[in-house]
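Each remark here refers to the structure printed beneath this line.
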Amino acid sequence: MRRAVVTFALALFAAQIARADTLPWVDPGDVPLPSGVQSVEIVRADEPLLVRPRGQAARRGSAAEHAHLPLYGATRGPGCPGRWLSVGPLAWVCETGVRLSFVPALSANAARESFGDGLPYRYHFVGQNGSLGYVNLRTAEDIAPDAELQPGFAVAVVEVARKGNESYGLTTHGLWLPMRDLNPARRFAFHGEDLDGDVNVGWVYEKSARVYEKPGGRRSDEVHAEFEALRILETKERAKHRWFRIGEGRWVNDHEVRAPTPTTRPPEVGEHERWIDVEIDNQVLVAYEGDRPVFGTLVSTGRGKGKSIQATPKGTHRIWVKLRSSDMTNLQDQEASRYYAIEDVPWVMYFKKGYGLHGTFWHRSFGHVKSHGCVNLAPLDAERLFHWTSPRVPAGWTAALPTEYEPGTVIRVR
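For the sequence shown, the positions run 1 to 414 when the working numbering is used.
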């Protein structure tokens with residue numbers, strides 16, 4: 001019965017998309033929605049979206065404050081003083097968390113995802129003297145601060161304004177910080193490579209890669225730069241190291257170049273299903289569609305060993321939640337030798353508890369183990385994979401969880 005109800009709801013949702021002039025439905029005999037209503041405006045940050053119109057239903061995701069989501073219908077149900085509003089397939093929001101709006105809903109591609117560099121915000125690092133944050137710009141630095149930020153902490157700035165002769169940045173956490181205390185994160189142009197059915201690519205992960213006439217042979221004058229992608233024509237093993245031929249009489253080796261190794265599809269993955277393979281030894285990631293590799297790149301996995309908390313967990317997992325951004329910190333760890341706090345880390349795809357793939361702007365050590373356990377990606381690669389994997393995160397949503405009809409993408413770590 002539950003499957004039949006859900007299938008009906010999805011069919012109804014599709015029909016409403018096909019007819020843009022369709023009015024939102026309500027329960028028979030209930031008060032109609034105001035004429036001309038086109039969307040619902042979310043009035044609270046990370047407003048919960050549930051899979052059914054009842055307070056105890058499973059979480060489907062969350063929506064961004066001020067986002068305008070499509071409105072398809074309304075019904076009464078437990079756990080909401082007003083009505084539950086349908087804002088997508090298997091997505092319900094309580095009426096108390098929204099305002100009915102005459103503004104059209106966000107289109108699927110309406111939101112600007114990033115500045116073209118894979119970063120959805122302008123990130124800054126707190127300088128060596130720390131910084132003080134203020135909720136009210138008008139009284140900034142005139143009264144006691146509302147927060148103190150330690151050197152090295154990272155903040156996401158959404159607005160810059162002036163007070164007198166000073167510029168202040170507004171963070172996603174609602175604090176105004178003196179811009180003189182902040183150092184901007186540098187843009188990083190590196191990204192992975194499209195693959196056409198073969199894992200025939202490698203990347204220079206050291207400062208440079210030298211070229212040899214043959215495996216173990218004489219070195220030539222040719223040199224390739226860090227993060228340069230190289231097409232691999234042949235691979236040979238010599239003295240427990242891999243050598244890669246990149247042209248006639250031109251070889252590089254795994255002292256300076258990372259390259260994926262061919263693999264087979266896990267049994268949990270369907271014939272045409274998308275999935276991701278992460279190789280810890282080689283510090284690379286390959287995205288597959290069934291048995292066909294379609295994209296590859298460098299990563300940085302956890303620097304811990306074995307079952308250490310800082311080791312990326314091996315095995316076959318599925319993404320259990322995706323977030324457009326998430327704070328990452330160890331401030332609660334009383335045994336930490338050094339504290340860190342990074343606001344709104346972008347493009348987060350958790351696959352096992354707090355371990356996930358995400359964008360990384362605070363280092364460029366891709367190809368080397370570096371992280372506290374997650375799979376670090378260059379921002380452009382993280383943004384690409386975020387939109388390639390499932391569950392999909394619609395425009396206006398801040399997070400999405402899988403459903404029976406849209407399971408999370410498989411992440412295999414080996």
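By construction, the Cβ of each residue, glycine as well, lies at the ideal position given by its N, Cα and C atoms.
Q) If you count every other CB in all the chains shown that lies within 10 Å of the CB of valine 201, and 16 or more means buried, which is it? A) Per the 10 Å Cβ criterion, buried.
Q. If we call anything under 8 Å between Cβ atoms a contact, is leucine 71 one with leucine 85?
A. Against a cut-off of 8 Å, the Cβ pair of leucine 85 and leucine 71 comes out as a contact.
**Q.** phenylalanine 351 - containing beta strand (DSSP E), residue span
**A.** Note, phenylalanine 351: beta strand (DSSP E), 341-352.
**Q.** Residue interval of the beta strand (DSSP E) (run including aspartate 277)
**A.** Secondary structure note for aspartate 277: its beta strand (DSSP E) is the uninterrupted segment 274-279.
Q: Under the assumption that tyrosine 205 contacts arginine 258 (Cβ atoms under 8 Å), give the Cβ distance between them as a whole number of angstroms.
A: Indeed, because the Cβ distance is near 5 Å, the residues count as touching under 8 Å.
Q) Hey, is the stretch 395-404 in contact with the stretch 307-317, meaning 3+ C-beta pairs nearer than 8 Å? A) Taking 8 Å as the limit for Cβ pairs, the verdict is that the stretch 307-317 does not touch the stretch 395-404.
Q) Excluding five sequence neighbours on each side, which residues of the same chain lie with their C-beta closer than 7 Å to the C-beta of leucine 331? A) Around leucine 331: Tyr339, Ala341.
Q | Three-state secondary structure (DSSP) of phenylalanine 13 | A | Bear in mind that a pLDDT of 49 at phenylalanine 13, under 50, signals an unreliable position, so the number given afterwards is only what the model happens to contain. Helix at phenylalanine 13.
Q | Continuous alpha helix (DSSP H) assignments of at least 4 residues falling wholly in the stretch 290-332 | A | Entirely contained in the stretch 290-332, not one alpha helix (DSSP H) run reaches 4 residues.
Q: Thinking glutamate 279 and arginine 414 are a contact (beta carbons under 8 Å), I'd like their distance in whole angstroms, please.
A: So it is a contact: roughly 6 Å between Cβ atoms.
Q: Keeping to the same chain, check which residues put their C-beta closer than 6 Å to that of leucine 233; ignore five residues upstream and five downstream.
A: Once the five neighbours on either side are set aside, the close Cβ partners of leucine 233 are Arg245.
Q: Go ahead and pull the three-state DSSP assignment for proline 379.
A: Secondary structure of proline 379 (DSSP, three-state): helix.
Q: Under 7 Å Cβ to Cβ from phenylalanine 8, same chain only, skipping five residues before and after it: list those, please.
A: Low local confidence applies: a pLDDT of 42 at phenylalanine 8 is under 50, so the model's placement there is unreliable, with the coordinate-based value given in what follows. Same-chain partners within the cutoff: there are none.
Q: Check whether the stretch 220-240 touches the stretch 173-185, taking contact to mean three or more Cβ pairs, one atom from each stretch, closer than 8 Å.
A: Remark: fewer than three beta-carbon pairs, one from each stretch, lie closer than 8 Å, so the stretch 220-240 and the stretch 173-185 are not flagged as touching.
**Q.** Candidates Val155, Ala156, Phe153, Ser131, of which the one nearest proline 145 by Cα
**A.** Distance from the Cα of proline 145 is smallest, within the candidate group Val155, Ala156, Phe153, Ser131, for Ser131.
Q: Quick one: using the 10 Å Cβ neighbour count with 16 as the cut-off for buried, is glutamate 271 buried or exposed?
A: That one is exposed.
Q: Determine the extent of the beta strand (DSSP E) in which aspartate 221 is found, giving its start and end residues.
A: For aspartate 221, the uninterrupted beta strand (DSSP E) run begins and ends at 219-225, by DSSP.
Q | Where the beta strand (DSSP E) through asparagine 253 begins and ends | A | Where asparagine 253 is concerned, the enclosing beta strand (DSSP E) starts and stops at 250-253.
Q. Under a Cβ-count criterion, where at least 16 other Cβ atoms within 10 Å of its own Cβ denotes burial, should proline 32 be classed as buried or exposed?
A. By the 10 Å Cβ count, proline 32 comes out exposed.
Q) Which residues does DSSP pair with glycine 210 in a beta bridge? A) According to the sequence provided, residue 210 is arginine. The question's glycine does not apply to it. Looking at the DSSP assignment, arginine 210 forms a beta bridge with Val223.
Q: Tell whether a beta-carbon distance below 8 Å holds between threonine 398 and serine 101.
A: Result no, Cβ atoms of threonine 398 and serine 101 do not sit closer than 8 Å.
Q: Taking arginine 99 as the reference, give the member of Trp25, Arg52, Arg44 with the closest Cα.
A: Among Trp25, Arg52, Arg44, the Cα nearest to that of arginine 99 is on Arg44.
Q. Going by Cα to Cα distance, which pick from Arg384, Gly77, Ala225 is closest to methionine 349?
A. Taking each of Arg384, Gly77, Ala225 in turn and checking the Cα distance to methionine 349, the smallest one comes out for Arg384.
**Q.** Cβ-based neighbour list, aspartate 198, same chain, cut-off 8 Å, excluding 5 preceding and 5 following
**A.** For aspartate 198, same chain residues with a beta-carbon under 8 Å away, outside a window of 5 residues either side, are Pro293 in chain order.
Q) By how many angstroms is the C-alpha of leucine 49 removed from the C-alpha of alanine 91? A) Going by the C-alpha atoms only, they are around 6 Å apart.
Q) Taking the DSSP output, what are the residues bridged to glycine 247? A) Paired residue(s): Arg250.
(Q) By the DSSP assignment, the beta strand (DSSP E) with serine 62 in it spans what residues? (A) That run of the beta strand (DSSP E) goes 59-63.
Q. Apart from the five residues just before and just after lysine 314, which ones in its own chain have a Cβ nearer than 8 Å to its Cβ?
A. Ile280, Val413, Arg414.
Q: Locate the beta strand (DSSP E) running through histidine 68, then write down its first and last residues.
A: Element bounds for histidine 68: 68-70.
Q. Is the distance from the Cβ of valine 103 to the Cβ of histidine 68 below 8 Å?
A. It is a contact, given that the beta carbons lie within the stated cut-off.
Q: Taking 8 Å as the cut-off, decide whether the C-beta atoms of threonine 316 and valine 369 are in contact.
A: Cβ distance not < 8 Å, so threonine 316 and valine 369 don't count as in contact.
(Q) Suppose contacts are defined by Cβ-Cβ distances below 8 Å. Is glycine 97 in contact with isoleucine 42 by that definition? (A) Going by beta carbons, glycine 97 and isoleucine 42 fall inside the 8 Å limit.
Q.
Check for me: the beta strand (DSSP E) holding threonine 398 runs from which residue to which?
A. Counting along the chain, the beta strand (DSSP E) containing threonine 398 begins and ends at 397-400.
Q. Are the C-beta of lysine 352 and some C-beta of chain C separated by less than 8 Å?
A. Protein chain content of the structure displayed is limited to a single chain, and chain C is not contained in it.
Q: Mind reading off the beta-carbon distance from arginine 210 to arginine 219? Whole number of angstroms is fine, and I expect it under 8 Å.
A: With 8 Å as the limit, arginine 210 and arginine 219 qualify as a contact, their Cβ atoms being about 5 Å apart.
Q: Could you tell me whether the Cβ atoms of alanine 147 and leucine 175 are closer together than 8 Å?
A: Their beta carbons are under 8 Å apart, which means alanine 147 touches leucine 175 by this criterion.
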